[in-house]
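To keep things clear, I will list the structure first and then write my remarks on it.
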Amino acid sequence: MRACAGDVCGKLFNDADRLHHRATMKKAALLAAGDSTRMMPLSANISKHLLPIAGDPLIFHTLQALRDAGIEETLIVYGYRGEDLQDAIDSVDWKPMRISCILQRERKGTADAARYAEAFAVDDDIILMYGDVLSGLGTFKGLIEHHRKSKRSFTVSVKAVDDPSAYGIVVVKRKKVVDLIEKPKPEQMVSNLVNAGIYATGPEIWEAIDKTQPSSRGELEITDSIKMLIDQGKVGAYELPSWWMDVGKPWDLLEANRLILNDATGYISGEVEEGAVLKGEVFVETGATIRSGSYIEGPVYIGEGSTIGPNCYLRAHTSVGKQVKIGNAVEIKNSIIMDGTNVGHLSYVGDSVIGRKVNFGAGTITANLRHDNKTVTVSVKGQRINSGRRKLGAIVGDNVKT
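Numbering (our numbering), first residue to last: 25 to 426.
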């Protein structure tokens, strides 16, 4: 074999090593350090990443998908109520995937949170993503394969949406990202592709983060770091093949719940009394009881130890947590009922998210429709926000009684 000069050999070995790290992407880092204020009152006593969707905490759906995609190590950068998050993670056997958690000591922004993953990544290419986004089947395997085949340092997952005004838009030309515009003005709406907050990255991002300056909000933004790589022509785009959601506000939980239930196959591990009717995909966990006369139209999830009925009507896209009691002649439609809650007889809950250990007395009714047929607006952090939903009921925090 012919000898080669040191610099050339070094480059050849580095390139080969770089391709190996890209081809064997086995690590992921989740940024889950936000303060969850937009999820109030649901997040008053719990990290939003632990809010239940289709029977599991929000972040668990992502962790399960990462494990299924062959990820072997995951780092979670946490903040608000992080101890609860770590306890929840530790309560589950995630083998063969290993999960570690680290506290973002100061809330300096997403780029600062991402910096905590540098030592974890070493020189490997990794998946880097926000902890409050969800996506459908095939996301991570597709992203890893796309990034492996590309020759770019960084890959942004994108999704085409009808109204991109609420997101950061991504401008793509010839498969290369040429711009990323946060909160675009009307005249800047040149693309319907939005930044999905799911990335594949090589080591170049860490140097960009080190150079990132505080934004007008006084925070270090990961999007500013990405823009540095865009200016160098190093960023590609991967269009997600399935659904995607940014779960930032309470009503987003309902849509995420609908999408996840639609992808799932039901099972019955609890008791279903004679005279109860279950149609479609219905999940009945161990210790749950569906009493006689109940009528359930799936997809519906019912958690461990819960009692439904008698004579209840549970409509599609309802999720009931653990140790919940749904009384006689109750109707629940497209709602999330969290652990330990009681819904008394003759009540109606529609298009609502109900927190933990809530007690709805007999005859409680949630209104879920405007008479003028306009979309429902909601107060979020002191501002009226258009939910975009024609039907939206009550958002109820923990321990409320009616």
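Note that beta-carbon positions come from the ideal geometry of N, C-alpha and C, so glycine has one too.
Note that the coordinates shown come from a computational prediction; the quantities given were computed from them, not determined experimentally.
Proximity to SER316 across ILE326, ASN397, VAL296, GLY329 peaks at VAL296, based on C-alpha coordinates. With a cut-off of 8 Å on Cβ pairs, the segment 141 to 150 is not in contact with the segment 69 to 87, counting fewer than three such pairs. The beta carbon of ILE205 sits closer than 6 Å to those of ILE193, GLN212, all from its chain and outside the five residues before and after it, given in chain order. By the 16-neighbour rule on beta-carbons within 10 angstroms, LEU393 is exposed.
In the three-state reduction of the DSSP assignment, LEU66 falls in the coil class, being assigned neither a helical nor a strand state.
Around the beta carbon of GLY304, fewer than 16 other beta carbons sit within 10 angstroms, so the residue counts as exposed. Within its own chain, the residues whose Cβ lies closer than 8 Å to the Cβ of GLY162, once the five positions on either side in sequence are excluded, are PRO265, SER266, listed in chain order. The residues VAL348, ILE378, VAL382, in chain order, have a CB closer than 6 Å to that of THR365 in the same chain once the five nearest residues on each side in sequence are set aside.
Residue pairing of MET269 in beta bridges, as defined by DSSP: LEU158. By the CB criterion at 8 Å, VAL344 and TYR319 fall outside the cutoff.
Ranking ARG91, ARG129, LEU127 by CA distance to the CA of ASP117 puts ARG91 first. Residue environment: ASN281 is assigned as buried (16 or more neighbouring CB atoms within 10 Å of its CB, all protein chains considered).
In the structure shown, the three-state DSSP call for ASP149 is coil. As DSSP reads the structure, ASP203 sits in a beta bridge with VAL195.
Between VAL157 and MET64, the C-beta spacing is not below 8 Å. A Cβ-Cβ separation of about 22 Å leaves ILE229 out of contact with SER215 under the 8 Å criterion. Boundaries of the beta strand (DSSP E) harbouring GLN407: 407 to 410, taken from the DSSP string.
It is roughly 14 Å from the alpha-carbon of ALA143 to the alpha-carbon of GLN128. When secondary structure is reduced to three states using DSSP, ASN281 falls in the helix class. DSSP places SER181 outside any alpha helix (DSSP H); the residue lies instead in the beta strand (DSSP E), whose first and last residues are 178 to 184.
Under the 8 Å Cβ criterion, the segment 273 to 293 counts as touching the segment 74 to 86, having at least three qualifying pairs. Counted as a single uninterrupted DSSP element, the beta strand (DSSP E) harbouring SER403 occupies residues 401 to 404. Just measuring C-alpha positions, the residue of ASP59, ASN423, ASP187 sitting nearest GLY385 is ASN423.
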